[in-house]
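Notes follow the structure.
Number of protein chains: 2
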Amino acid sequence: MDGHTLDLSLDGPELTARLVDFPSVSGQEKDLADAVEAALRPLPHLTVDRHGNNVVARTRLGRAERVVLAGHIDTVPIADNVPSRLDDDGVLWGCGTSDMKSGVAVQLRIAATVPEPNRDLTFVFYDNEEVAAQHNGLGHVAEAHPDWLEADFAVLLEPSDAQVEGGCQGTIRVHLRLEGERAHSARSWMGSNAIHAAAPVLARLAAYEPRRPVIDGLEYREGLNAVGIEGGVATNVIPDSCTVVVNYRYAPDLGPDEAEAHVREVFADCGVVEFTVDDHSGAAMPGLSHPAAKAFMEAVGGTAQPKFGWTDVSRFGALGVPAVNYGPGDALFAHKRDEHVAVDRITHCEERLRSWLTS
Amino acid sequence: MDGHTLDLSLDGPELTARLVDFPSVSGQEKDLADAVEAALRPLPHLTVDRHGNNVVARTRLGRAERVVLAGHIDTVPIADNVPSRLDDDGVLWGCGTSDMKSGVAVQLRIAATVPEPNRDLTFVFYDNEEVAAQHNGLGHVAEAHPDWLEADFAVLLEPSDAQVEGGCQGTIRVHLRLEGERAHSARSWMGSNAIHAAAPVLARLAAYEPRRPVIDGLEYREGLNAVGIEGGVATNVIPDSCTVVVNYRYAPDLGPDEAEAHVREVFADCGVVEFTVDDHSGAAMPGLSHPAAKAFMEAVGGTAQPKFGWTDVSRFGALGVPAVNYGPGDALFAHKRDEHVAVDRITHCEERLRSWLTS
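These protein sequence lines map, in sequence, to chains A and B. Here the working numbering is used: position 25 in the first sequence is 25, and no number is missing along the way. Add 359 to the 1-based position in the second sequence for the working numbering, that's all there is to it.
Printed below as a string of structure tokens:
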């Protein structure tokens, strides 16, 4: 084995270590994408496609259902934590151990060792997840080749501590601008104070009662929050502009248009002169009532939890594919210098997925 | 006359032009202070004192009243507007024509030509008015030699378009900090939003009704305003801190302690965790009921107006000396490239002051 190949006969923890020792910081994934493609191409049960540094491998067995196993191959910048190190307690340390080369190792192990799954499988390995959304490889594939991602259900192997986290909440960020008229603060009656004009907006936020809808048995928790406020020209000037930046995290029973309409409605009579959507990423349904998902839950065990934060499962949601997060890493240690994963979690996840796909 | 002397036999407009052509940007007043001192020392009716680049000249005639005529000798930076230029319409153009070398010329003319005033006179020429308050020469004299400024009434010859502007309002700036607890905005119930916590502060400001007290016949107008607001950590974080910067402009019937107490009281039950006074300059009474002021008003004519903005008359207020603003310049053109003064205003102010001090 040279420095640029992957040996899929290694076990899950060994393969994770190998992947961690193969640096692939966002934007520098080409070598790893090449290695993934090279490792998958010889497998006769898979058709392999590539778009940029994104690799998609599919079985074509004519099964009644198709499921996706997806993971990103990039990491945040290395922080003196490569190469990986396995300690005596069975913990593997290093950049990407949790987020999410352990998940990628599980994908590769399933691809290599389950040639006749009970459901058709689509493996997606994509780049640039840890950077700005417009670079995201899963987004690029969804745009260029949506047919590659067609499926009944998707599992994203992001770190979830080997628990199922269903769907994800959407997130919309809006700039609400209030207007006034400048004046010297010694003659304030000559102007109109834009910061004071924000009082109804803050009152509305402070009084807002977020929804907690139950969807597919999961209780989501919404939130409508100011994440920024800015106003002021100089210490002796009545300010003519004040902007409140609001973030609405919404449950997957709302579509993007409904979510935006709700925010507009909340602040409809608050004197907002400009309503600007700065960022918007939709929610994803957990889809736990789907037969493939039910079988998945039975196989992996435990109780599914709602996913409150936004993840790439939303990109499946946008394609109409229900999705869950399920991976061996622990999100608490993602992006940290002391990032690590318990190797028994890697083995556990691999076994549970194999059980689901072969029973 | 060489380049470093002042000839006090020039008339007011000529002397103004001479002063404008004698550059004295803040921090570079020494030559002009030397010249002022040298011009005043030979006058037998005056005792001349100096502190830094501040010159104080006093009569000691044992009159029943003593009044101050004060002005700063510095200017803002020159903007291609020196030397001065007198146009055919009797307008003198140049840096400091309005703010306030025309006023200083009037002071010097009165000093030179009224050897036996009906009230004892104190002439104050000070430096560094156009820069940060801690450099202000009048403040330095008040601190080092308060006895030099003892008087019954003071006239500051700042540009007031030859109208009397009585006293000045005080100004206090306060930072009101609200506190919360950080959390990821996808799990907002884990934290507490400091921007939302500012809602009662803004509501209080929006509902505030400022006073309009009448003092010595002048109607002042207070104002309590947010001049800045800042909060936010990142677009996906519930912010743990929000600061509202408030500016209270208050009428001269309140002392500094009362003004601060009022601001504290207004926001007493708004959840403010830190109340920090950032800047505070007291008000000055107009003192128009004082005999010296009454005679002054009769001599200069017109109707006194309240001064809403803060000026150095406040420094006299702090010493217990009522004070007014009265000078030939027009404040609208101060600090501008096209700064100018109508020369008949210079003559008018000089005549009115001479009338007051000799009748």
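Even glycine gets a Cβ: it sits at the ideal position worked out from N, Cα and C. From a predicted model like this one, the values you see are computed outputs, not experimental measurements.
- Within 7 Å of the CB of A/Asn193, the CB atoms of chain B belong to Asn584, Ala585, in sequence order along the chain.
- C-alpha of B/Tyr579 to C-alpha of B/Val573: approximately 6 Å in a straight line.
- Within chain A, no C-beta atom comes nearer than 9 Å to that of B/Ser457; the closest sits roughly 18 Å away.
- B/Met459 and A/Ile195 have their C-alpha atoms some 35 Å from each other.
- For A/Ala57, the enclosing beta strand (DSSP E) covers residues 54-58.
- Beyond the five residues adjoining it in sequence on each side, B/Glu388 comes within less than 6 Å, by CB distance, of Asn412, Ile432, Asp433, Asp486 in the same chain, given in chain order.
- In the same chain as A/Arg337, and ignoring 5 residues on each side of it, the C-beta atoms closer than 8 Å to its own belong to Ala79, Asp80, Asn81, in chain order.
- If you draw a 10 Å sphere on the C-beta of B/Val700, you find 16 or more other C-beta atoms in it, and that means buried.
- Using a Cβ-Cβ distance cut-off of 8 Å, the segment 667-682 of chain B and the segment 507-522 of chain B are in contact, since at least three pairs of beta carbons, one from each stretch, lie closer than that value.
- Within the segment 539-571 of chain B, His543, Ser544, Ala545, Arg546, Ser547, Trp548, Asn552, Ile554, His555, Ala557, Ala558, Leu561, Ala562, Leu564, Ala565 place their CB atoms closer than 7 Å to a CB of chain A, listed in sequence order.
- Cβ-Cβ distances below 6 Å link A/Ala183 to Met190, Gly191, Ile238 in the same chain, with the five nearest sequence neighbours on each side left out; the list follows chain order.
- Under the Cβ criterion of 8 Å, B/Gln466 is not counted among the residues facing chain A.
- When rounded, the separation of the alpha-carbon atoms in A/Asp240 and B/Leu691 is 21 Å.
- Residues of the segment 664-688 of chain B with a Cβ closer than 8 Å to any Cβ of chain A, in chain order: Phe667, Gly668, Trp669.
- Taking a Cβ-Cβ threshold of 9 Å, the residues of chain A close to B/Pro598 are Asn225, Ala226, Val227, Gly228, Ile229, in chain order.
- Excluding residues up to 5 positions away in sequence, Pro598 lie with their Cβ nearer than 6 Å to the Cβ of B/Val592 in the same chain.
- For A/Val266, the uninterrupted alpha helix (DSSP H) run begins and ends at 256-266, by DSSP.
- Here the alpha carbon of A/Asn325 sits roughly 11 Å from the alpha carbon of A/Ala284.
- Secondary structure in the segment 629-655 of chain B: the beta strand (DSSP E) runs of 3 residues or longer, each lying completely within the stretch, are 633-640 in chain order.
- Excluding the 5 residues flanking it on each side, B/Asp637 has same chain C-beta neighbours closer than 6 Å at Arg532, His534, in chain order.
- Chain-order list of chain A residues neighbouring B/Gly591: Ala226, Val227, Gly228, Ile229, Glu230, Val245, by C-beta distance under 9 Å.
- In this structure A/Gly94 touches A/Arg85 by the C-beta definition: roughly 6 Å separates them, less than 8 Å.
- Non-local C-beta neighbours of A/Leu205 in its own chain, meaning closer than 6 Å and more than five positions away in sequence, comprise Ala226, ordered along the chain.
- Taking the Cα positions, B/Gly646 is about 19 Å away from B/Pro505.
- Assigned with DSSP and collapsed to three states, A/Val76 falls in coil, not helix or strand.
- Taking a Cβ-Cβ cut-off of 8 Å, the neighbours of B/Arg608 in chain A comprise Ser185, Ala186, Ser188, given in sequence order.
- Residue pairing of A/Tyr250 in beta bridges, as defined by DSSP: A/Gly170.
- Spanning the alpha carbons of A/Gly62 and A/Thr5 requires a straight line of approximately 31 Å.
- No Cβ-Cβ contact shorter than 8 Å links B/Ala510 with B/Ala470.
- Contact of A/Cys242 with chain B by beta-carbon distance below 8 Å involves Ile588.
- B/Lys666 places its beta carbon less than 8 Å from that of B/Gly525.
- Contacts with chain A at 8 Å (Cβ-Cβ) include B/Thr594.
- Counting only unbroken stretches of 3 or more residues, the beta strand (DSSP E) elements lying wholly within the segment 307-359 of chain A are 323-325, 340-342, in sequence order.
- Between A/Gln305 and A/Arg249 the beta-carbon gap is near 16 Å, outside 8 Å, which marks them as no contact.
- A residue is called buried once 16 or more other Cβ atoms fall within 10 Å of its Cβ, and A/Gly27, having fewer, is exposed.
- In the three-state reduction of the DSSP assignment, B/Val441 falls in the coil class.
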